[in-house]
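Peer 1: In terms of the numbering used here, the sequence shown opens at residue 125 and continues consecutively.
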Amino acid sequence: MKKTVLSLMLALPLLVKAQCPAASAINDSFESYAAGSGQGMPTCWALEGSSGGMGPTIGLRNSAGEARTGSNYIQIYSFFSSNPTNYFITPELTAIDGYHYARFYLKSDDAGAMTVTYGTMDSQSNTASFNALGTATLTNNQYVEVNTGAIPATAHKYFALKIEISGMHKTIKLDDFEWGALAVPCNEVTNLISSNVTKNTAKVSWNGQAGDQFKVEYGPVGFTPGNGTSQTILATEINLTNLSEGTAYDVYVTTVCQNGNSTTSPKVTFTTTVCSEASNTLASQITKNAAVISWAVQVGNQFKVEYGMSGFAPGNGISQTVTTNQINLTNLNENTDYDVYITTICGSETSNNAVKVSFKTLNTLAAMIAEGKSPFTVYPNPSDGTIISLVTEEDLSDYHYAVYTVEGKQAIENSLNQIIDVSQLESGAYLLVIRNRSNSFTHPILIQK
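1. Using a 10 Å radius around the Cβ and a threshold of 16 neighbouring Cβ atoms, would you call residue 543 buried or exposed?
2. Taking only the alpha-carbon atoms, compute the straight-line gap between residue 159 and residue 217 and give it to the nearest angstrom.
3. Are residue 649 and residue 525 closer than 8 Å when you measure CB to CB?
4. Pull the bridge partners of residue 258 from the DSSP assignment, please.
5. Please list, in chain order, all residues of the same chain as residue 527 whose beta carbon is under 6 Å from its beta carbon, the five residues on each side excluded.
6. Comparing the C-beta of residue 472 with each C-beta of chain B, is any distance below 8 Å?
7. Report yes if the CB atom of residue 318 is closer than 8 Å to the CB atom of residue 377, and no otherwise.
8. Out of 407, 424, 156, 165, state which residue places its alpha-carbon closest to the alpha-carbon of residue 504.
9. State the Cα-Cα distance for the pair residue 176 and residue 182, rounded to the nearest angstrom.
10. Using only CA atoms, which one of 332, 511, 372, 363 lies nearest to residue 347?
11. Ignoring anything shorter than 3 residues, give me the beta strand (DSSP E) runs that lie fully in the region 275 to 322, in order along the chain.
12. Return helix, strand or coil for residue 522, following the three-state DSSP convention.
13. With a threshold of 16 other CB atoms inside 10 Å of the CB of residue 137, please say whether the residue is buried or exposed.
14. Short of 8 Å in beta carbon distance, which residues of its chain neighbour residue 413, apart from the five on each side in sequence? Order them along the chain.
15. Run through DSSP, which three-state label would residue 251 get?
16. Quick check: the Cα distance between residue 350 and residue 325, rounded to an integer number of angstroms?
17. In whole angstroms, what is the alpha-carbon distance linking residue 102 and residue 442?
18. Assess, as a yes-or-no matter, whether the region 246 to 257 is touched by the region 294 to 306 under the definition of 3 or more beta carbon pairs within less than 8 Å.
19. Consult DSSP for residue 236 and reduce its assignment to one of helix, strand or coil.
20. Under the assumption that residue 565 contacts residue 498 (Cβ atoms under 8 Å), give the Cβ distance between them as a whole number of angstroms.
21. Enumerate, from N- to C-terminal direction, the unbroken alpha helix (DSSP H) stretches of 4 or more residues contained entirely within the region 364 to 443.
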């Protein structure tokens, strides 16, 4: 029976230990414990040093008027021991990480005979591990506040008071102990830079604390922070997409912390690139099986030219890439409508839209006539159906002209001027015959209304 009782008694401290999880905060005025003469330590706290017998005693007391708040307090009494040293040790702490403080209140009946040093320990029993951090200033018969400020980070898990008393029958009292967290600094980001800027995207990166979150806000240059587009991420870089071509942007980055946000970083500014569409497109020198497609010069860029019969879907046509501002299309079908799409290539990018130009190849008869020589140049050809102009060094006063359908029916006849009114003609192919007493010149013309 005695063995059973002994085993139970030995196991009891282990059970008590198991009920004391590590604390992230302590706010103990010792009111929840039984107090009075003969009472020992509060639950999960520890005392190391000389005690018992005629030596110093320490424990919970509730003498009237002696507590700072409430009725309970901790008392250390030297009794008949003249130079006792004791360690009053907190329950285990979750961390001593540099962002916690201790605050407590001490009252002495002989301040000159006592020294209270605060520090940390690696366990509740290893007093040799005590690392002193500071000393409390005591006042006789009056509670004084001791606030340690930030306790330096350490692998230790316990805060402790080392209490040294010189002389017998000296008393020191402790009340209202607090272990609390300080605000963790919210680190500002540094070295904010932009890179890999294209017409619609850009990469922005910075230096920040690992594990922090970051709010990235961006908008057109000059925008007011709070009115831009924002994202919150864990990484220290972000790829911005769906940007507008040729646009200047400002970007700000702020660290997001539990106790608030850091100061917003200085902005970084970049401008997206431009890949311009082809302009001034023209189809010319059209024959029954060839045409020249040209556009305005863009120095340094390439162009993808894709063509096919009218109405083809881009991506399904015949394509070539050129570095000049024109291309000769050959092996075309006669009397056929064609569409041509021109896309600008700027390095690894392309213009947002392909520019379309359309034309129709000549039929065989019109092509054969077009191959004859004439002192007259007819333009525009094809015509939009309003006028046709002539360029020549000939004296026009001796010339007449007539316009015939390809079936040989005369549609117009008149004296020749440099401007020929063709507004009465329907869309289609015609033959313009220019003649004087000795010569006759035939030009195919195409009316496209």
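Ideal Cβ placement from N, Cα and C applies to all residues, glycine included.
Peer 2: Judging by the given coordinates:
1. exposed
2. 25 Å
3. Nothing about residue 649 can be reported from this structure: the residues present for the chain run from 125 to 573 only.
4. 242
5. 535, 536, 554, 556
6. Annotation note: the requested chain B is absent from the structure, which comprises a single protein chain.
7. no
8. 407
9. Here residue 176 scores only 48 on pLDDT, less than 50, and its place in the model should not be relied on; the value that follows carries that caveat. Approximately 9 Å, taken between the alpha carbons.
10. It is 372.
11. 282 to 289, 295 to 305, 314 to 319
12. helix
13. Here the model assigns residue 137 a pLDDT of 40, short of 50, so the residue's position is not dependable and the matter cannot be decided.
14. 454, 455, 456, 457, 458, 485
15. Residue state, collapsed to three classes: helix.
16. 22 Å
17. Nothing about residue 102 can be read from this structure; the chain reaches only from 125 to 573.
18. Put simply, the region 294 to 306 does not touch the region 246 to 257. Fewer than three CB pairs are less than 8 Å apart.
19. Of the three classes helix, strand and coil, the one that applies to residue 236 here is helix, per DSSP.
20. Correct: roughly 4 Å between the Cβ atoms.
21. none
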